[in-house]
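>
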Amino acid sequence: MNAPPEYGQDDMAHPLPRTSIVDRIDWLVEQCRGKRVIHIGFADTGFRDEQGRAGRWLHGHLDDVARELVGLDADEAGVAAAVAAGMDAHVIDCTDADAVAGAGLEPADVVLAGEVIEHVGSPGPFLAALHPLCRPDGRLIVTTPNAYGLVNVVASMTRRVEVNHPDHLMMFTWRTLTRLLTREGWIPEDTVTYVPAVRERGDRSRLEAGAVRAVLGLERMLGRLGRPFSADGLIVTARPSRPDDGP
């Protein structure tokens with residue numbers, strides 16, 4: 211039996227790739243333009259109406275540019291609304307590998323899991339379950355909040371609060387997300403970061419939104435200075451691993 215490796219302090223420091231801050235929707239639209247796309251968690255449960263009013267519903271933007279677009283979501287109401295609007299959408303729990311494989315969907319050029327993995331209790335099996343949806347030469351794009359984005363750093367210091375979606379179960383850094391992708395049969399190829407939009411509700415929220423907007427402005431400035439991982443969102447693109455990739 212091989213003994214587990216012994217790690218030193220130097221093994222804990224992982225160099226970050228050179229990258230830049232992008233507009234999340236604009237960047238994703240360009241990655242999906244003219245391609246067959248399967249969009250996981252497309253319904254944006256809990257924020258669909260608000261995002262639609264703000265012109266920020268990602269699936270609607272993808273519908274304008276993708277050659278073919280298929281939406282998968284466990285939200286029955288969201289899927290029903292999409293189907294009623296003439297979209298190709300299916301009720302599938304993508305954490306269920308048998309359900310994904312049994313759907314018999316044609317593999318896509320791009321499988322997009324946008325703001326989903328942080329809601330999943332078992333993210334490794336979730337990533338593994340997506341393989342049947344992706345062409346051998348296709349790409350998986352995962353977007354998720356960045357665990358060390360500045361908003362929560364500042365919020366914890368100034369107000370002793372954590373800013374998080376009520377349904378989030380976990381947060382990822384670049385290292386933990388790319389490591390998990392690799393372990394589940396994906397080869398990370400590219401990373402960009404993004405600064406999220408600010409939602410405003412009520413007078414108090416407007417004041418708080420102003421403070422958050424200032425922090426997000428700082429994130430953008432740091433991005434221009436070569437520190438893009440201060441931003442509050444991560445986007446990692448990966449391809450399916452091949453036998454010649456080695457261990």
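Going by the numbering used here, the first residue of the sequence shown is number 211, and it counts up by one from there. Ideal Cβ positions, reconstructed from N, Cα and C, are used throughout, including at glycine. Keep in mind it's a predicted model, so treat the numbers as computed, not measured.
1. Assign R234 to buried or exposed, taking buried as 16 or more other Cβ atoms, counted over all protein chains shown, within 10 Å of its Cβ.
2. Are the stretch 428–438 and the stretch 384–396 in contact at 8 Å, needing three or more beta carbon pairs?
3. Please report the distance separating the alpha-carbon of V239 from that of P355.
4. What first and last residue would you give for the beta strand (DSSP E) that runs through R449?
5. Output needed for L272: all residues of its chain with C-beta closer than 7 Å, excluding positions within five of it in sequence on either side, in chain order.
6. Do the CB positions of V320 and P398 come within less than 7 Å of each other?
7. Between the C-alpha atoms of H329 and P214, what's the straight-line distance to the nearest angstrom?
8. From what residue to what residue does the alpha helix (DSSP H) around T392 run?
9. Three-state secondary structure (DSSP) at W267?
10. Since T368 is in the beta strand (DSSP E), which residue starts that stretch and which ends it?
11. Would you call the stretch 330–341 in contact with the stretch 363–372, where contact means no fewer than 3 C-beta pairs closer than 8 Å?
12. Determine the DSSP secondary structure at G296, reduced to helix, strand or coil.
13. Find the nearest neighbour of V326 within the set E418, H375, I231, R423, judged by alpha-carbon distance.
14. A424 to A357, Cα distance in whole Å?
Working from what's here:
1. Burial state of R234 is buried, judged by a 10 Å Cβ sphere holding 16 or more other Cβ atoms.
2. no
3. 19 Å
4. 443–450
5. V239, C242, V247, H249, L279
6. no
7. 31 Å
8. Looking at the DSSP string, the run of the alpha helix (DSSP H) that includes T392 is 384–393.
9. Coil.
10. Premise fails: T368 lies in the alpha helix (DSSP H), 360–368, not in any beta strand (DSSP E).
11. no
12. DSSP places G296 in coil when its eight states are reduced to three.
13. The residue with the shortest Cα to Cα distance from V326 is H375.
14. 19 Å
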